[in-house]
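Comments concern the structure below.
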Amino acid sequence: MGNILYIVVPCFNEQEVLPETGRRLSAKVETLKSQGKIGAGSRIMFVNDGSNDATWGMIQELCEQNKIFAGVNLSRNRGHQNALLAGIQTASEHADMIVSMDADLQDDINAIDAMIDAYHAGNDVVYGVRSSRQRDTFFKRNTAQFFYRLLKLLGAEIVYNHADYRLLSRRAAKALLSFDEVNLFLRGIVPMVGFRSTTVAYERGERFAGKSKYPLGKMLTFALEGITSLSIKPIRMITMGGLLVCVISLIMLIKAFVDYSLGNVVPGWTSIIISIWVLGGLQLFAIGIIGEYIGKTYMETKARPKFIIESILLQEESEVE
Ligand code: UDP
Ligand code: MG
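So in our numbering, spot 33 of the sequence shown is number 64, and the numbers just go up one at a time.
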């Protein structure tokens with residue numbers, strides 16, 4: 032088992048935090064190197080996800096100053112998950128273990144030590160799991176919890192309170208890259224990779240600087256993406272619901288005929304208008320969910336590239352181990 036570590040950090044408009052992130056991560060990597068936990072060729076790899084601020088310029092500067100830094104520049108913004116995958120792909124050519132984390136220092140970098148220990152103990156995947164969500168807003172905490180529960184209920188295998196802070200061994204990364212789906216929801220797919228895995232708990236802090244790149248709208252899209260990527264149960268539920276309504280309507284039909292033959296047909300405007308609205312709403316909702324899956328299928332059949340790398344900045348170690 033080799034011990035070259037690559038830390039992959041997707042960055043979208045992160046000019047406010049990047050210098051500090053670079054400082055802290057390089058200090059971390061130097062310490063780990065001096066402790067002999069990781070090899071000399073270890074790198075911090077920033078992936079610029081089509082930022083429209085000074086992010087890429089800063090990454091270039093860091094790479095020039097110190098070869099501990101590496102940079103991947105995507106051709107445009109492709110979203111966090113794709114940026115992460117671009118980084119993992121590039122890193123998997125050089126690294127024995129890959130740690131992915133956010134640029135905003137919310138993930139406690141000191142958990143990396145424990146992740147590396149777990150890797151040396153024979154784990155291919157080490158999930159960083161948040162020990163508490165005390166610092167999140169009430170809203171985010173509860174919606175996130177609801178989302179994890181829902182996914183579990185729908186049969187998706189995800190690690191509770193784990194986001195995208197994790198260590199992957201080279202073979203786990205390669206295995207992950209062999210999943211061809213375009214609609215990518217990494218935290219649902221990594222468990223499918225298999226291999227031995229464990230978790231490391233850490234305290235999630237606040238964003239060091241700058242604004243969240245995940246406003247509510249994006250978060251909802253992401254959640255929907257996750258659900259429809261991992262489970263077809265919603266469609267099955269619609270089918271069952273439709274079946275139930277059919278049974279009810281059969282009963283109603285019989286009842287209507289009985290009422291008619293008995294002669295007590297009272298004009299029931301209220302009940303009719305209510306059923307029209309309820310059924311209309313249910314139908315629209317059902318069509319929407321099915322449309323969601325058809326849209327997914329459509330995108331998958333196109334098999335478009337998930338990201339396009341514009342350039343890579345990476346100085347390899349001269350003495351090859
Ligand atoms: N990010 C990205 N592309 C995007 C949006 C976000 O690469 O389109 C990165 C961002 O730079 C950060 C990470 O994804 O490193 C997580 O984003 P953020 O911290 O804003 O999300 P939050 O912690 O608020 O959920
Ligand atoms: Mg964040």
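Ideal Cβ placement from N, Cα and C applies to all residues, glycine included.
Being a predicted model, the structure only gives us computed values, none of them experimental.
For this session: Any chance you could list the beta strand (DSSP E) runs of at least 3 consecutive residues sitting entirely within the region 99 to 163, in chain order?
Result: You should have 100 to 105, 128 to 131 and 156 to 161.
Problem set entry | Backbone CA spacing between V276 and W300 [nearest angstrom] | Taking the straight line from one Cα to the other gives about 20 Å.
Exercise. What is the DSSP secondary structure of P246, reduced to helix, strand or coil?
Worked result: Three-state result, P246: coil.
For this session: Kindly list the residues whose CB is nearer than 8 Å to the CB of Q137, restricted to its own chain and excluding five residues on each side of it in sequence; keep chain order.
Result: Cβ within range, chain order: R235, G236, E237, R238 and F239.
Exercise. Any chance the CB of K171 is under 6 Å from a heavy atom of the ligand UDP?
Worked result: False, no ligand heavy atom lies under 6 Å from that Cβ.
Exercise. Where does E61 land, buried or exposed, given buried means 16+ other C-beta within 10 angstroms?
Worked result: Taking all protein chains shown into account, E61 has fewer than 16 neighbouring C-beta atoms within 10 Å of its C-beta and is therefore exposed.
For this session: Examine the ligand UDP and report whether any of its heavy atoms sits within less than 6 Å of the Cβ of L114.
Result: Per the sequence presented here, residue 114 reads as Ala, with Leu not at that position. Yes, the Cβ of A114 comes within 6 Å of a heavy atom of the ligand UDP.
Exercise. If K378 sits next to I129, beta carbons under 8 Å apart, how far is it from one beta carbon to the other, in whole angstroms?
Worked result: Nothing about residue 378 can be read from this structure; the chain reaches only from 32 to 352.
Problem set entry | Residue nearest to R227 in terms of C-alpha spacing, selected from V40, G81, I303 and V156 | When V40, G81, I303 and V156 are compared, the shortest CA-CA separation from R227 is found for V156.
For this session: Look up L292 in the DSSP assignment and give the residues it is bridged to.
Result: Strictly speaking, residue 292 in this sequence is Ser, with Leu absent from that position. In the DSSP output, where bridge partners are listed per residue, S292 has none listed.
For this session: State buried or exposed for L116, treating a residue as buried only when at least 16 other CB atoms are found within 10 Å of its CB.
Result: Residue burial is scored here from C-beta neighbours: L116 has at least 16 other C-beta atoms within 10 angstroms and is therefore classed as buried.
Exercise. Taking the alpha helix (DSSP H) that S65 falls in, what are its first and last residues?
Worked result: Run containing S65: L49 to S65, per the alpha helix (DSSP H) assignment.
Problem set entry | E350 (DSSP reduced to helix, strand or coil) | Low confidence applies here, because E350 scores a pLDDT of 49, under 50, leaving its location unreliable and the question unanswered by this model.
For this session: Decide if the region 336 to 344 is in contact with the region 101 to 114; the criterion is three or more beta carbon pairs, one per stretch, under 8 Å apart.
Result: Judged by Cβ distances under 8 Å, the region 336 to 344 makes contact with the region 101 to 114, as three or more pairs qualify.
Problem set entry | One or two residues paired with L199 in a DSSP bridge | As computed with DSSP, L199 is found in a beta bridge with I129 and V156.
For this session: Work out the CA separation of I189 and F169 for me, nearest whole Å.
Result: Each residue's Cα considered, the two are about 22 Å apart.
For this session: Take the Cβ of S123 as the centre, count every other Cβ of all protein chains shown within 10 Å, and call the residue buried at 16 or more, exposed below.
Result: Buried is the call here.
For this session: Would you grab the beta carbon distance between L56 and L36 for me? Rounded to a whole angstrom, and I think it's under 8 Å.
Result: Incorrect: roughly 11 Å between the Cβ atoms, too far for contact.
For this session: Could you round the C-beta distance between T259 and E323 to whole angstroms and report it? I think they count as a contact, below 8 Å.
Result: Approximately 5 Å separates the beta-carbon atoms of T259 and E323; this is inside 8 Å, confirming the contact.
Problem set entry | alpha helix (DSSP H) runs contained entirely in the region 71 to 97, provided each spans 4 or more residues | Qualifying alpha helix (DSSP H) stretches, in chain order: 86 to 96.
Exercise. For E352, is the classification buried or exposed, using 16 other Cβ atoms within 10 angstroms of its Cβ as the cut-off for buried?
Worked result: Low confidence applies here, because E352 scores a pLDDT of 44, under 50, leaving its location unreliable; read the following figure in that light. Looking at its Cβ environment, which holds fewer than 16 other Cβ atoms inside 10 Å, E352 is exposed.
Problem set entry | V213 in three-state terms, based on DSSP | Note: V213 maps to coil in three-state DSSP.
For this session: Following the continuous alpha helix (DSSP H) through T332, name the residue where it begins and the one where it ends.
Result: Per DSSP, T332 belongs to the alpha helix (DSSP H) from W300 to K333.
Exercise. In chain order, which continuous runs of the beta strand (DSSP E) of length 3 or greater are located wholly inside the region 223 to 269?
Worked result: Taken in chain order, the whole beta strand (DSSP E) runs of length 3 or more contained in the region 223 to 269 are 228 to 233.
Problem set entry | T168 in three-state terms, based on DSSP | T168 falls in the coil class under three-state DSSP.
For this session: For Y196, collect the residues of the same chain with a Cβ closer than 6 Å to its Cβ; drop the 5 residues on either side in sequence, then sort them by chain order.
Result: M132, D138 and G159.
For this session: Let me know the secondary structure DSSP gives V221 once reduced to three states.
Result: In the three-state DSSP reduction, V221 falls in the helix class (H, G or I).
Exercise. Between the Cα of K244 and the Cα atoms of G81, R74 and T270, which residue gives the shortest distance?
Worked result: Nearest C-alpha to K244: G81.
Exercise. Do you know whose CA, among I321, A149 and V48, lies nearest K264's CA?
Worked result: With distances taken between Cα atoms, K264 lies closest to I321.
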